[in-house]
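Residues in the sequence shown are numbered consecutively from 1413, following my numbering.
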Amino acid sequence: MPDTSHSPPPRFMRLAESDRPTITLRIDGHSATALAGDTLLVALLMNGRRVRDSEFGDGPRAGFCLMGACQDCWVWTPAGQRLRACSTPAEAGMEVLTRPPAQHWPATPDLQESLARHRQGAAA
């Protein structure tokens, strides 16, 4: 089992900062910190997290435009609500996932079975 006790290095670095209170949130089940007023994207990148994996290769994605236009920074709540990480403020106690929760899209190896399950969930 890999050692997950240490945090990955930050992808962003704060250069200058005024005194803002620190808040705690959870990213993919792990405790993380941010400063009051940070967006979720800043919280993710300051805590060394990727926003998501690329659907076109094996590279991590970290947001692109940083202003809500490119759709590259979607994250989810455990209930399945999608949030734009670049424009959603981080809040104390917030929980976010960088992958859709299991109940959001019950993927199976068979595409037709996945689509049928999705239609059943939408009809409920």
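A virtual CB, placed ideally from N, CA and C, is assigned to each residue, including glycine.
Problem - Start and end residues, beta strand (DSSP E) containing A1446 - result: H1442 to L1447
Practice task
Can you grab the Cα-Cα spacing for the pair M1506 / Q1483, in whole Å?
Solution key: 21 Å
Problem - Extent of the continuous beta strand (DSSP E) to which L1380 belongs - result: The requested residue 1380 does not occur in the structure, where the chain is confined to residues 1413 to 1536.
Problem - Cross-strand partners of T1434 (DSSP beta bridge) - result: L1447
Exercise for the section: Specify, as a first and last residue, the run of the beta strand (DSSP E) that V1463 falls within. Expected result: Taken as a continuous stretch (DSSP letters only), V1463 belongs to no beta strand (DSSP E), as it is neither H nor E.
Problem - DSSP three-state assignment for L1456, whether helix, strand or coil - result: DSSP places L1456 in the helix class (H, G or I) of the three-state scheme.
Exercise for the section: Have a look at A1444 and A1428 and give me their C-alpha separation to the nearest angstrom. Expected result: 20 Å
Exercise for the section: Find the nearest neighbour of G1441 within the set A1448, N1459 and L1447, judged by alpha-carbon distance. Expected result: Scanning A1448, N1459 and L1447 for the CA closest to the CA of G1441 turns up N1459.
Handout entry: Secondary structure of E1429, DSSP reduced to three states
Key = Correct three-state label for E1429: coil.
Practice task
Counting only the same chain and skipping the five closest in sequence on each side, list residues whose C-beta sits under 6 Å from that of P1414.
Solution key: Because the pLDDT at P1414 is just 46, under 50, the model does not fix this residue reliably, and the value given afterwards should be weighed accordingly. Closer than 6 Å at Cβ, skipping near neighbours: no residue.
Practice task
Count the other C-beta atoms from every protein chain shown that fall within 10 angstroms of the C-beta of C1477, then say buried if there are 16 or more, exposed otherwise.
Solution key: Exposed.
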